[in-house]
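Colleague: Reading the first sequence from the start, the letters are residues 2 to 662 in the working numbering.
Glycine residues also receive a C-beta, built at the ideal position from the N, C-alpha and C atoms.
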Amino acid sequence: MYRILQQQLQAQIGTLLKEKYEIEIANLVVELPPKIEFGEMALPVAFELAKRLKKPPRAIAQELQPLLAEIPGVASVEIAGAGYLNVKLDRAATAKRIAADEHATVGGAGFRLVEHTSINPNKAAHVGHLRNAILGDSFARMLKADEYKPGYETGVQNYIDNTGVQVADIVVAITHLEGMKLDDVHAWMTELIETNTRLDYACWDLYANVSQWYDADPTQSVARKQLRLDTLHQIEAGDNETAEIADLIATGVLRRHLETMERLAIEYDFLPRESEILHLKFWEAARQLMVSKGVLYEEAEGKNKGCWVMRRAGVELAAGEVDEDAKILIRSNGTVTYVGKDIAYHLWKFGLLGKDFGYAKFREYPAHTCWISTMHGEDPHPSYGHADAIYNVIDSRQDDPQTQVKEALRALGYVAESERYTHLNYAFVGLTARTAEELGYKLSDEDKAKNFIEVSGRKGFGVKADDLIDRMIGAAKTEVDTRHPELDEVERAEIADAIGVGALRYFLLRFTRNTIIAFDYQDALAFDGETGPYAQYAAVRAANIFRKAGVSAEEAIAAVASLDLASMLEGEEGTSVWEVWLSVSRVSQVLEQAIATAEPAMLARYAFVLAQQFNNFYHRHHILNETDAARKTLLLATAAVARRELLRVLGWLGIKVPSAM
RNA sequence: GCGCCCGUAGCUCAGCUGGAUAGAGCGUUUGGCUACGAACCAAAAGGUCGGAGGUUCGACUCCUUCCGGGCGCACCA
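So this is what it looks like as structure tokens:
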């Protein structure tokens, strides 16, 4: 609702400036004043015009003032300070429009492909992977079509590098350190299932072991590295026992990852795998395209002689100069590099490759199917390689290669596509010294002095995702058990689940993307203050009011339409109620901004502000004891709209509200 | 060496395209539960926004430079 009025104001000023002064301003600032007494919207436009019109800002403001007051919904316009135009809204009329759920819509048509999670399927997921998945899942929820975003179509994919070195490492561990053959691997995996042991956890330790083993004996390290390389090549080639073992392990670990993520309400539509990108010869198609357009060329001189390379973004060369910094896509031995394969994959995402995966069903979620890539798929099947815009949730340490892929698209002439290619990057997750020591890691004095300790899969050092989820839910369960002994075990467990997951999701979302998170168990397990449970609690309290009042939230909201609100929203008491409505009205504005900046943290913070606003209101106005019937109706409706929007925003963040807390 | 990111209260972080007295949470001190359940609310203390210049009517925000910290720059994926 706020956004609608804001847009109207901007449009009105725009035409006014054109008619009166023949001036156009690209970005008309309409902001929230620092204090509610100044009104609901403030325009510093007069300052900007002062110089161009050679008039004092106050005089300009005076000329604009009466014209703005004519906008429907605007109660008055005042001039403040040196020339601010402060707009006061018609509170009663605006509140009724909010109650009727009038709001600006966000977004537009087109298919948006969000890729996130993308964990190497060779060991358990850790807290850094959770940041990726929660960020990606929340962003996908923000984009997904609903009444706020009628146009958006989305697909969520999780890229699986099942033929990379990390999988090769785990295969070396299994075949050489553990001495297993294919049959043994089958037996081992069956045993793990029977003893209820997590495969990805077993691999976590094996991976750490083999990583140390490569360099444990200096006389052997060359041979052991060669073994790793040979293993990798066998896996890439396929159709052999090593590749079969790799597939068994990678698929088993992948299933575990999906289970872990489903605990956090994270689901996927499609799992494209590296093995199909190789075997369906995506790269060959991309290579031909790039060569034909002159983007990929063979280097004849310098250190990269004999390689096929691509120019980096923004590089200008004089005639005859050798581009030593060019990105190598094909090595002199003829093999393709990672960025090369990634370019092929991204051409597919935009439907520019002329090839598609085979699709097979892989996992059934309660409401939909998750598909996986195969050579020869099932029919009928969906297809995801036709995106209008893509969002890749990838660690910012991958900024460089991501830029190369984008540059390749641009150089090939797909400029529009490269502009709709968003690398949704984020800083990594480290551990605080306290948490690192708690996990049994011995720290040097140098480490202790740092703000964070880096996790290391090769050392087997980090916080495993399932361990963290277990502890979050466990801590919530302890609280629920003492607070609600009257509820049965199943219900208590459900509530603890919602709280633990809500706390975890909020904890990893509240930081903006480029903030390095130093993960600390103590901070994550806090359920007070700016946390997920705080926001959930506000929604639960609101729901309790309606249960006791004997009316539904919907009825409470509907009752506002026939109420004379004007006097009830003025004065100190009225303003404290109005402030809740004003906060509530900003949903689409915040959502729009959060999508534009790809920053779910903005919505997370807004959810907290809404909850805070509600809690404040809740203490100040005792709704059920209110004797004035009209006032009680307004207070009930206030709680109802606050709850409605809080639920909406928490839904975009993937945070459920439990039945009780 | 080159590129990108960060430096805001004791701690952890917000601060949207430059706008009014720089905001939260935690922690500290104090007050509030026979309640719409205190996973809450209220109040207080706490800041030369890393330093120095500059642009501007106006700078936490833009530019330059310096200091401090992080990450990335391979015929690894």
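Can you list, in chain order, the residues of its chain with a C-beta nearer than 6 angstroms to that of residue 413? Leave out the 5 residues immediately preceding and following it.
Modeller: The residues are 294, 296.
Colleague: Less than 9 angstroms separating the beta-carbons of residue 163 and residue 274?
Modeller: Cβ distance < 9 angstroms, so residue 163 and residue 274 count as in contact.
Colleague: Among 628, 561, 510, 364, which has the Cα closest to the Cα of residue 135?
Modeller: Closest by alpha carbon: 510.
Colleague: What span of residues does the alpha helix (DSSP H) with residue 250 cover, start to end?
Modeller: Segment 242–264, the alpha helix (DSSP H) holding residue 250.
Colleague: Check residue 395 in the structure and name its three-state DSSP category.
Modeller: Three-state DSSP puts residue 395 in a strand.
Colleague: Mapping the DSSP letters down to three states, classify residue 458 as helix, strand or coil.
Modeller: Note: residue 458 maps to coil in three-state DSSP.
Colleague: Tell me, to the nearest whole angstrom, how far the beta carbon of residue 671 is from that of residue 265; I am working on the premise that it is less than 8 angstroms.
Modeller: With the chain running from 2 to 662 in the structure shown, residue 671 is simply not present.
Colleague: What are the start and end residues of the beta strand (DSSP E) that includes residue 520?
Modeller: Element bounds for residue 520: 518–520.
Colleague: Which residue comes first and which comes last in the alpha helix (DSSP H) that contains residue 19?
Modeller: Counting along the chain, the alpha helix (DSSP H) containing residue 19 begins and ends at 3–22.
Colleague: Quick check on residue 392: buried or exposed, where buried means 16 or more other Cβ atoms within 10 Å of its Cβ?
Modeller: Counting Cβ neighbours within 10 Å, residue 392 comes out buried, since at least 16 surround it.
Colleague: Thinking C-alpha only, which one of 555, 644, 281, 379 is nearest residue 356?
Modeller: Nearest option by C-alpha distance: 281.
Colleague: DSSP three-state call for residue 36: helix, strand or coil?
Modeller: Coil.
Colleague: Quick one, are the C-beta atoms of residue 305 and residue 327 less than 9 angstroms apart?
Modeller: A contact, by the Cβ cut-off of 9 angstroms.
Colleague: Starting from residue 76, follow the beta strand (DSSP E) in both directions and report where the run begins and ends.
Modeller: Where residue 76 is concerned, the enclosing beta strand (DSSP E) stretches over 75–81.
Colleague: Does the separation of the CB atoms of residue 185 and residue 257 fall below 9 angstroms?
Modeller: In this structure, residue 257 does not lie closer than 9 angstroms to residue 185 by Cβ.
Colleague: Put residue 463 into one of helix, strand or coil per three-state DSSP.
Modeller: Coil at residue 463, not helix or strand.
Colleague: Compute the Euclidean distance between the alpha carbons of residue 541 and residue 570, then round it to the nearest angstrom.
Modeller: Cα-Cα distance, rounded: 25 angstroms.
Colleague: Pop quiz: residue 169 and residue 236 are said to be a contact at Cβ under 8 angstroms. What is the actual Cβ separation, rounded to whole angstroms?
Modeller: Confirmed, Cβ separation roughly 6 angstroms.
Colleague: At a cut of 8 angstroms, does the stretch 85–102 reach the stretch 419–434 through at least three beta carbon pairs?
Modeller: With a cut-off of 8 angstroms, the stretch 419–434 and the stretch 85–102 do not count as touching, because too few Cβ pairs lie within range.
Colleague: Classify residue 149: buried if its beta carbon has 16 or more other beta carbons within 10 angstroms, exposed otherwise.
Modeller: Buried, since its Cβ has 16 or more Cβ neighbours within 10 Å.
Colleague: Report the rounded CA-to-CA distance for residue 73 versus residue 423, giving the unit in angstroms.
Modeller: Roughly 39 angstroms separates the two Cα atoms.
Colleague: What are the complete alpha helix (DSSP H) segments, minimum 4 residues, inside the stretch 479–512?
Modeller: Segments of the alpha helix (DSSP H) lying fully in the stretch 479–512: 490–510.
Colleague: State yes or no: is the C-beta of residue 166 within less than 9 angstroms of the C-beta of residue 229?
Modeller: Contact: yes.
Colleague: Apart from the five residues just before and just after residue 94, which ones in its own chain have a Cβ nearer than 7 angstroms to its Cβ?
Modeller: Correct list, in chain order: 74.
Colleague: Quick one: grab the DSSP three-state call for residue 331.
Modeller: Note: residue 331 maps to strand in three-state DSSP.
Colleague: Looking at the unbroken beta strand (DSSP E) that takes in residue 89, where does it start and where does it end?
Modeller: Segment 85–90, the beta strand (DSSP E) holding residue 89.
Colleague: Return the residue from the list 547, 617, 634, 491 that minimises the CA-CA distance to residue 535.
Modeller: Closest option to residue 535, Cα to Cα, is 617.
Colleague: Rounded to whole angstroms, how far is the Cβ of residue 644 from the Cβ of residue 527, which I believe are closer than 8 angstroms?
Modeller: The pair is not a contact, with the Cβ atoms about 24 angstroms apart (cut-off 8 angstroms).
Colleague: In terms of alpha-carbon separation, which member of 48, 196, 615 lies closest to residue 30?
Modeller: Of 48, 196, 615, the residue nearest in Cα terms is 48.
Colleague: If you run the structure through DSSP and keep just helix, strand and coil, what is residue 203?
Modeller: It is helical.
Colleague: Could you check the C-alpha separation between residue 459 and residue 446 for me, to the nearest Å?
Modeller: The alpha-carbon atoms of residue 459 and residue 446 are separated by roughly 22 angstroms.
Colleague: Which runs of the alpha helix (DSSP H) at least 4 residues long sit entirely within the stretch 265–304? Give them in chain order.
Modeller: Counting whole runs of 4 or more residues, the stretch 265–304 contains the alpha helix (DSSP H) stretches 275–280, 283–293.
Colleague: What did DSSP end up calling residue 625 once you bin it into helix, strand or coil?
Modeller: In this structure, residue 625 counts as coil in the three-state DSSP scheme.
Colleague: With DSSP as the reference, label residue 212 as helix, strand or coil.
Modeller: Helix.
Colleague: Where do the N-terminal and C-terminal ends of the beta strand (DSSP E) with residue 373 fall, by residue?
Modeller: It spans 370–375 - the beta strand (DSSP E) in which residue 373 sits, taken as one unbroken run.
Colleague: Would you be able to state if there are at least three C-beta pairs under 8 angstroms between the stretch 141–159 and the stretch 184–198?
Modeller: No, the stretch 184–198 does not touch the stretch 141–159.
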